[in-house]
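J.:
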Amino acid sequence: MNNSHLPVGVFDSGMGGLTVLKAINACLPAEDVTYLGDTARLPYGTKGRETIVRYTMQAAGRLVDMGVKMLVVACNTATSAALPDLRERYAPLPILGVVEPGATAAAHASRNGQIVVIATEATIASGVYQQAIARIRPDSQVLGRACTLFVPLAEEGWLKGSVVEGTAKRYLKDIFNPVVTASRPDTLLLGCTHFPPFVPVLRRVVGGAVRIVDSAATTAQCARGELAARGMLREDHAGVCRFLTTDNQARFARTGSLFLGYSLKRSDVEIVNL
Ligand code: DGL
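Here the sequence shown stands for residues 72 to 345, numbered as in my numbering.
1) Would you check if the distance between the CB atom of Glu306 and the CB atom of Ala101 is smaller than 8 Å?
2) Should Leu167 go down as buried or exposed, given a rule of 16 or more other Cβ atoms within 10 Å for buried?
3) Using the DSSP secondary-structure output, state which residues sit across from Ala190 in a beta bridge.
4) Where do the ends of the beta strand (DSSP E) carrying Cys312 lie?
5) If contacts are defined as beta-carbon pairs under 8 Å, then Val276 and Lys240 qualify, I think. What distance do you get, rounded to the angstrom?
6) So, with DSSP's three-state summary, where would you put Phe247?
7) What did DSSP end up calling Glu227 once you bin it into helix, strand or coil?
8) With distances taken between CB atoms, is the gap from Gly173 to Leu260 smaller than 8 Å?
9) In angstroms with no decimal places, state the Cα-to-Cα distance between Ala149 and Gln201.
10) Comparing C-alpha positions only, which one of Gln185, Met137, Ala178, Tyr126 sits nearest to Asp156?
11) How about the stretch 137-153 and the stretch 72-88: do they share at least three Cβ pairs that are nearer than 8 Å?
12) Leaving out five residues before and five after Ala180 in sequence, what residues of the same chain have Cβ atoms less than 7 Å from its Cβ?
13) So, at 6 Å on beta carbons, what are the nonlocal neighbours of Thr90 in its own chain, with the 5 sequence-adjacent residues on each side left out?
14) Starting from Arg160, follow the alpha helix (DSSP H) in both directions and report where the run begins and ends.
15) Identify every run of the beta strand (DSSP E) within the stretch 75-146, keeping only runs that are complete inside it and at least 3 residues long; order them along the chain.
16) Please report how far the alpha carbon of Ile342 lies from the alpha carbon of Ala130, in whole angstroms.
17) Which residue wins for smallest C-alpha separation from Thr289, given the options Leu304, Phe269, Gly262?
18) Tell me whether Pro268, by its Cβ, gets closer than 7 Å to a heavy atom of the ligand FAD.
19) So, is Val188 buried or exposed, given that buried needs 16 or more other C-beta atoms within 10 angstroms?
20) Just list the residues that DSSP pairs Arg255 with in beta bridges.
21) Mapping the DSSP letters down to three states, classify Leu167 as helix, strand or coil.
22) Give me the Cα-Cα distance between Asn319 and His308, rounded to the nearest whole angstrom.
23) In whole angstroms, give me the CA-to-CA distance for Pro256 and Val222.
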């Protein structure tokens, strides 16, 4: 049976995955997308692995039950903890994570192989980025740093200003110290989908010479390649997005609008219970 008419399912703990949704909309404008943000249980990044796996399996299971032709796990924390389990449970459904595409983008962007990855505590502790980048580029040196506070700041819609800038400096100033010139990292990888809106602030903190990369565009390209390879790409159709949350539609609409760059109304967002 050809499932090309079904939507692509995109999942995150909250708003972060909307950065990936935007890239999917740009790269695959004819695809319908169903987005689920598990805001009732956010953040995932400070939780233990078993909890993250359980939440991820439940959220993904809901999207699969609704009918999707592909699942994009637009959350690094969920990808790092649960991607193999998801693929095993839902085979042959194509399931993409964001870690491999992010690692590929960083490995290709860096000239000197010195890469800093910022992500949640759980993603950094899992070591997935360090391993994925080393596979693509064995000469690299990867430093991981957990930047936990960026997640609630993003969910609060505080994407710029003195609090965000102070937080970024506290996390990163020692690494991107302008006084130390020898062997400075030349690439900053955003290993959390909540972080791309902070790029203007991060740019000021790390300096103009550092390349800042994330996994959104590369993930969308992977999704396109995977759908094309399976003969499931849609054409001649204007893709429609459906938004689901596990708590507080009004809040999802408010912060989601900031992430998407267009206005979402409360009535555009549906509640699901996991
Ligand atoms: N957006 C998620 C990620 O990419 C993390 C947010 C959270 O801690 O729930 O890792």
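The beta-carbon is built from N, C-alpha and C at its ideal position, and this holds for glycine as well.
T.: Looking at the coordinates:
1) Yes, Cβ-Cβ distance for Glu306 and Ala101 is below 8 Å.
2) Buried.
3) Per DSSP, Ala217.
4) Element bounds for Cys312: 312-316.
5) Correct: roughly 6 Å between the Cβ atoms.
6) Secondary structure at Phe247: coil, using DSSP grouped into helix, strand and coil.
7) In this structure, Glu227 counts as coil in the three-state DSSP scheme.
8) Between Gly173 and Leu260, the gap from beta carbon to beta carbon is short of 8 Å.
9) Computed Cα separation, rounded: 16 Å.
10) Selected option, being the one with the closest Cα: Tyr126.
11) Yes: at least three Cβ pairs fall under 8 Å.
12) Setting aside the 5 residues that flank it on each side, Ala180 is surrounded in the same chain by Thr258, Arg282, Val284, each with a C-beta closer than 7 Å to its C-beta; the list follows chain order.
13) The residues are Thr264, Pro267, Ala287.
14) Arg160 -> alpha helix (DSSP H) spans 147-161.
15) Within the stretch 75-146, the complete beta strand (DSSP E) runs of at least 3 residues are 79-83, 104-108, 141-144.
16) Going by the C-alpha atoms only, they are around 13 Å apart.
17) Taking only the C-alpha atoms, the option nearest Thr289 is Gly262.
18) As far as ligands go, the structure on display features the ligand DGL and does not contain the ligand FAD.
19) Its Cβ being crowded by 16 or more others within 10 Å, Val188 is buried.
20) Assignment of beta-bridge partners to Arg255 by DSSP yields no partner.
21) In this structure, Leu167 counts as strand in the three-state DSSP scheme.
22) Between the C-alpha atoms of Asn319 and His308 there is a straight-line separation of about 31 Å.
23) If you take the alpha carbons of Pro256 and Val222, they lie about 23 Å apart.
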